[in-house]
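Structure, as structure tokens:
Protein chains: 2
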Amino acid sequence: MEDVAAHAGVALKTVSRVVNAEPGVTPGTAERVRAAIEELGFRRNDSARILRKGQTASIGLVLEDIGDPFYSALARAVEDVARAHGHLLFTGSSDENPAREQEITLAFCARRVDGLLLVPASEDHTYLQPEIEAGLATVFVDRPARLIEADTVLTDNVGGARDGVAHLIRAGHRRIGFIGDAPQIYTSAQRHRGYTEAMAAAGLAVDSSWVTQSAPTLEGVQASLRQMLAASATAVLCGNNRISVTALRALASIGRPDLAFVGFDDFELADMLTPRVTVVAQDVASLGRTAAELLFRRLDGDRRPAERIEIPTRLIPRGSGEMPPPA
Amino acid sequence: MEDVAAHAGVALKTVSRVVNAEPGVTPGTAERVRAAIEELGFRRNDSARILRKGQTASIGLVLEDIGDPFYSALARAVEDVARAHGHLLFTGSSDENPAREQEITLAFCARRVDGLLLVPASEDHTYLQPEIEAGLATVFVDRPARLIEADTVLTDNVGGARDGVAHLIRAGHRRIGFIGDAPQIYTSAQRHRGYTEAMAAAGLAVDSSWVTQSAPTLEGVQASLRQMLAASATAVLCGNNRISVTALRALASIGRPDLAFVGFDDFELADMLTPRVTVVAQDVASLGRTAAELLFRRLDGDRRPAERIEIPTRLIPRGSGEMPPPA
DNA sequence: TTGAAAGCGCTACCAG
DNA sequence: CTGGTAGCGCTTTCAA
Numbered sequence: 163m164e165d166v167a168a169h170a171g172v173a174l175k176t177v178s179r180v181v182n183a184e185p186g187v188t189p190g191t192a193e194r195v196r197a198a199i200e201e202l203g204f205r206r207n208d209s210a211r212i213l214r215k216g217q218t219a220s221i222g223l224v225l226e227d228i229g230d231p232f233y234s235a236l237a238r239a240v241e242d243v244a245r246a247h248g249h250l251l252f253t254g255s256s257d258e259n260p261a262r263e264q265e266i267t268l269a270f271c272a273r274r275v276d277g278l279l280l281v282p283a284s285e286d287h288t289y290l291q292p293e294i295e296a297g298l299a300t301v302f303v304d305r306p307a308r309l310i311e312a313d314t315v316l317t318d319n320v321g322g323a324r325d326g327v328a329h330l331i332r333a334g335h336r337r338i339g340f341i342g343d344a345p346q347i348y349t350s351a352q353r354h355r356g357y358t359e360a361m362a363a364a365g366l367a368v369d370s371s372w373v374t375q376s377a378p379t380l381e382g383v384q385a386s387l388r389q390m391l392a393a394s395a396t397a398v399l400c401g402n403n404r405i406s407v408t409a410l411r412a413l414a415s416i417g418r419p420d421l422a423f424v425g426f427d428d429f430e431l432a433d434m435l436t437p438r439v440t441v442v443a444q445d446v447a448s449l450g451r452t453a454a455e456l457l458f459r460r461l462d463g464d465r466r467p468a469e470r471i472e473i474p475t476r477l478i479p480r481g482s483g484e485m486p487p488p489a
Numbered sequence: 163m164e165d166v167a168a169h170a171g172v173a174l175k176t177v178s179r180v181v182n183a184e185p186g187v188t189p190g191t192a193e194r195v196r197a198a199i200e201e202l203g204f205r206r207n208d209s210a211r212i213l214r215k216g217q218t219a220s221i222g223l224v225l226e227d228i229g230d231p232f233y234s235a236l237a238r239a240v241e242d243v244a245r246a247h248g249h250l251l252f253t254g255s256s257d258e259n260p261a262r263e264q265e266i267t268l269a270f271c272a273r274r275v276d277g278l279l280l281v282p283a284s285e286d287h288t289y290l291q292p293e294i295e296a297g298l299a300t301v302f303v304d305r306p307a308r309l310i311e312a313d314t315v316l317t318d319n320v321g322g323a324r325d326g327v328a329h330l331i332r333a334g335h336r337r338i339g340f341i342g343d344a345p346q347i348y349t350s351a352q353r354h355r356g357y358t359e360a361m362a363a364a365g366l367a368v369d370s371s372w373v374t375q376s377a378p379t380l381e382g383v384q385a386s387l388r389q390m391l392a393a394s395a396t397a398v399l400c401g402n403n404r405i406s407v408t409a410l411r412a413l414a415s416i417g418r419p420d421l422a423f424v425g426f427d428d429f430e431l432a433d434m435l436t437p438r439v440t441v442v443a444q445d446v447a448s449l450g451r452t453a454a455e456l457l458f459r460r461l462d463g464d465r466r467p468a469e470r471i472e473i474p475t476r477l478i479p480r481g482s483g484e485m486p487p488p489a
């Protein structure tokens with residue numbers, strides 16, 4: 163910038179004014195400065211600007227795995243909002259590992275991101291308390307904060323699971339199973355709760371051998387399905403799309419593609435399988451957009467108490483969830 | 163940092179030494195400093211550090227759409243390498259729009275990222291020349307740079323398409339079509355070239371009504387398939403996974419799921435459809451990892467001339483590509 | 001309308 | 001082993 167000033171025969175401050183389109187520069191002077199900028203290939207160093215202004219115009223997004231289509235769709239929605247607000251986006255994948263969540267989060271904090279969007283993996287977010295008190299805007303997405311108060315945007319997991327089960331009940335099923343991920347995962351526990359509530363609301367008993375909650379492996383899901391079928395279940399709700407896909411493979415491999423089936427979370431080609439797969443769809447884009455917009459409202463000075471927003475789900479009947487139980 | 167120094171009764175510089183684990187501090191002093199850091203909840207401000215060191219320990223990744231599974235898998239591979247090198251990752255989606263590519267890229271440059279990974283959308287990268295000369299390490303991924311010399315990591319598009327067509331020829335097909343994306347897209351043009359070469363190598367004529375190259379819409383792909391079938395084609399190579407999926411839907415809707423079919427690029431559930439879909443799989447993770455590793459080699463001082471690396475593809479036979487032509 | 005000087009928070013360099 | 005000082009490149013403040 164000093165070089166540009168020398169080249170244009172003006173003071174450094176004048177160059178700054180031109181670069182930032184501040185008022186108070188004669189058109190002629192401005193033109194001379196612009197020419198010097200062009201000639202020297204000057205680009206403002208935002209590092210210095212950031213240091214001086216105390217604002218980085220960037221936000222950080224911590225999620226489980228940017229390579230997972232669910233989270234990448236979330237990231238895309240966040241990016242669009244960030245761009246609309248003139249902010250850049252850092253992303254980091256925690257792999258469901260609390261230590262990595264913290265490592266990435268603190269690295270973002272050290273860079274003084276203006277705001278943080280967090281799909282949490284850890285059970286304790288008190289480590290963020292000092293940052294938040296120091297003014298870091300933070301919004302939790304998809305799962306709530308633990309041990310601190312914070313803005314949160316969630317899917318209506320309980321309601322969605324309830325809808326899925328109610329849908330199977332309407333098709334005539336009474337013996338309905340549930341395969342979910344590990345119960346330590348918030349969304350997994352909530353969806354299990356929705357399943358239980360829907361069964362209770364319909365006055366239906368739940369056989370414990372109809373229910374599994376653990377990390378999805380093909381073998382595990384196969385075993386769960388076998389056990390469930392042995393106990394005469396006629397339908398199943400799967401707790402997330404990875405489980406749905408695994409269960410579909412397992413059903414094909416054990417020769418029972420006829421089990422009535424509802425999956426939580428939509429996935430590409432669900433409508434092209436045989437049978438076409440009925441799902442409870444989450445609105446991932448809305449989840450990301452809503453969270454990012456809330457974040458920017460905070461950055462714009464909104465000081466109201468922490469909010470908790472739930473995004474509704476939508477049941478998409480395609481065939482697999484409408485098959486009646488065998489007579 | 164000054165506060166911490168005052169609190170611990172030492173000089174600012176000593177605090178800096180402790181924070182950066184530099185040698186030359188008595189354990190006792192270091193302990194006192196650490197206590198002060200803890201008490202004040204101090205976190206180093208990396209903005210200042212960056213300004214001083216001239217190194218941001220961050221890289222930027224510009225791609226078409228972070229929400230697309232292909233690119234999100236790429237991003238994940240890049241993130242892992244970046245993390246291993248202690249760098250943070252900025253991501254930005256260009257949406258295949260040259261102006262946005264440039265806008266995002268220059269924003270990353272203004273932040274003085276140490277390196278740039280680019281899936282280019284534009285036809286002219288001379289705007290990057292000054293940055294590269296100023297020391298910015300840049301690697302192009304999936305598509306080559308235009309009008310400048312630069313490191314590039316590509317998929318072997320020509321070879322992959324050739325393999326896919328040769329596979330159909332081995333199954334007995336002689337009348338093979340190609341549906342690709344717009345020919346302006348580098349990968350699209352290359353795959354078309356592979357198709358043409360394989361047909362020529364086998365001494366087979368290509369009927370112009372077997373070939374379409376345009377942005378994939380359901381209607382467009384449907385029309386292409388109808389035209390191709392009317393001209394007695396018995397097999398088709400699809401130029402990317404979006405086209406494959408669209409074509410599968412189209413074939414289902416026009417009642418011809420029997421056309422022999424090979425898709426370029428693998429996709430989730432390809433093995434669960436009816437028939438199971440044969441693909442030419444790209445190794446996206448390797449693409450991202452290789453590009454990122456090349457970038458960090460440059461950052462570590464490798465000054466050899468620009469490299470061009472091609473990642474091989476792998477044909478995965480699953481059924482749709484092994485169906486013989488009707489007798 | 002323009003410019004000079006101070007300083008953001010840190011690290012590099014040289015003294016003690 | 002410890003401390004002081006200069007300065008990274010910009011914006012802020014105040015003066016001309």
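Respectively, the protein sequence lines represent chains A and B.
Residue numbering for the first sequence is 163 to 489, as defined by the numbering used here.
Residue numbering for the second sequence is 163 to 489, as defined by the numbering used here.
For glycine and all other residues, C-beta sits at the position ideal for the given N, C-alpha and C.
Asked, Found
"Can you find a CB in chain B that lies within less than 8 Å of the CB of Phe-426(A)?", "no"
"Can you name, in chain order, every residue of its own chain whose Cβ lies under 6 Å from the Cβ of Ala-454(A), other than the five neighbours on each side?", "Val-240, Val-243"
"Skipping 5 residues on each side, what residues in its chain have a beta carbon closer than 8 Å to that of Gly-190(A)?", "none"
"Taking 7 Å as the limit between beta carbons, can you name the residues of its chain near Asn-182(B), skipping five residues before and five after?", "none"
"For a quick check, are the C-beta atoms of Leu-213(A) and Asp-165(A) less than 8 Å apart?", "no"
"Apply the 10 Å Cβ neighbour rule to Glu-293(B) and answer buried if 16 or more other Cβ atoms are within range, or exposed otherwise.", "buried"
"Going by C-alpha distance, which of Ile-347(A), Ser-448(A), Val-424(A) is nearest Asn-259(A)?", "Ile-347(A)"
"For the region 315-332 of chain A against the region 349-356 of chain A, do three or more pairs of beta-carbon atoms, one drawn from each stretch, fall closer than 8 Å, so that the two count as touching?", "yes"
"Does any residue of chain A have a CB that is nearer than 8 Å to the CB of Cys-271(B)?", "yes"
"Measuring only the C-alpha atoms, how far is Ala-198(B) from Ala-170(B)?", "6 Å"
"Whole-angstrom Cβ separation of Phe-429(A) and Thr-440(A), contact assumed at under 8 Å?", "No, Phe-429(A) and Thr-440(A) are not in contact; Cβ-Cβ is about 12 Å, not under 8 Å."
"Are any of the Cβ atoms in chain B nearer than 8 Å to that of Ser-209(A)?", "yes"
"Check for me: the alpha helix (DSSP H) holding Ala-219(A) runs from which residue to which?", "Ala-219(A) -> no alpha helix (DSSP H), and no H or E assigned at all."
"What does Phe-204(B) pair with, by DSSP beta-bridge criteria?", "Paired residues: none, contrary to the question."
"Which runs of the beta strand (DSSP E) spanning at least 3 residues fall entirely within the region 244-325 of chain A, listed in chain order?", "250-255, 277-280, 299-303, 313-317"
"For Gly-254(B), which residues in the same chain have their Cβ closer than 6 Å to its Cβ, ignoring the five residues on either side in sequence?", "Val-224, Ile-266"
"Quick one: give me the first and last residue of the alpha helix (DSSP H) that Thr-475(A) is part of.", "It is not in any alpha helix (DSSP H) - Thr-475(A) carries neither H nor E in the DSSP assignment."
"Would a C-beta distance cut-off of 8 Å place Ala-344(A) and Ala-385(A) closer than the cut-off?", "no"
"Would you mind telling me which residues of chain A sit closer than 8 Å to Asp-227(B), beta carbon to beta carbon, in chain order?", "Arg-238"
"Do you know whose CA, among Val-327(B), Arg-332(B), His-335(B), Leu-366(B), lies nearest Tyr-357(B)'s CA?", "Val-327(B)"
"Have a look at Ala-363(A), Arg-308(A), Arg-466(A) and flag the residue whose alpha-carbon is nearest the alpha-carbon of His-329(A).", "Ala-363(A)"
"For a contact meaning CB atoms closer than 8 Å, what does Glu-241(B) contact in chain A?", "Ile-228, Thr-253, Gly-254, Ser-255"
"Quick check: the region 279-291 of chain A against the region 466-482 of chain A, are there 3 or more CB pairs under 8 Å?", "no"
"Select from Asp-313(A), Ser-178(A), Pro-486(A) the residue whose C-alpha is nearest the C-alpha of Gly-334(A).", "Pro-486(A)"
"Output the distance between the C-alpha atoms of Phe-426(B) and Leu-387(B), rounded to the nearest integer angstrom.", "17 Å"
"Can you tell me whether Arg-480(A) is helix, strand or coil according to DSSP?", "coil"
"Is the beta carbon of Ala-447(B) sitting closer than 8 Å to the one on Asp-313(B)?", "no"
"Which bits of chain A does Ile-473(B) rub up against, with CB to CB less than 8 Å?", "The contacting residues do not exist; Ile-473(B) stays about 17 Å from chain A at best."
"If the criterion is Cβ atoms closer than 8 Å, does the pair Val-398(A) and Gly-481(A) meet it?", "no"
"I think Leu-268(B) touches Thr-300(B), with their Cβ atoms under 8 Å apart; what is that distance to the nearest whole Å?", "About 13 Å; that fails the 8 Å criterion."
"Would you report the Cα separation of Glu-396(A) and Val-368(A), rounded to the nearest angstrom?", "Contrary to the premise, residue 396(A) reads as Thr rather than Glu in this sequence. Rounded to whole angstroms, Thr-396(A) to Val-368(A) spans 13 Å at the Cα level."
"With a cut-off of 8 Å, does the C-beta of Ala-344(A) fall near any C-beta of chain B?", "no"
"What residue range is occupied by the uninterrupted alpha helix (DSSP H) comprising Ile-338(A)?", "No alpha helix (DSSP H) holds Ile-338(A); the beta strand (DSSP E) holding it covers 338-342."
"In chain B, what lies closer than 7 Å to Gly-203(A) by C-beta?", "Pro-292"
"Using a C-beta cutoff of 8 Å, does Leu-111(B) count as contacting chain A?", "The displayed coordinates of chain B run from 163 to 489. Any statement about residue 111(B) would go beyond what the structure contains."
"Measuring straight from C-alpha to C-alpha, what distance separates Arg-194(A) and Asp-462(A)?", "36 Å"
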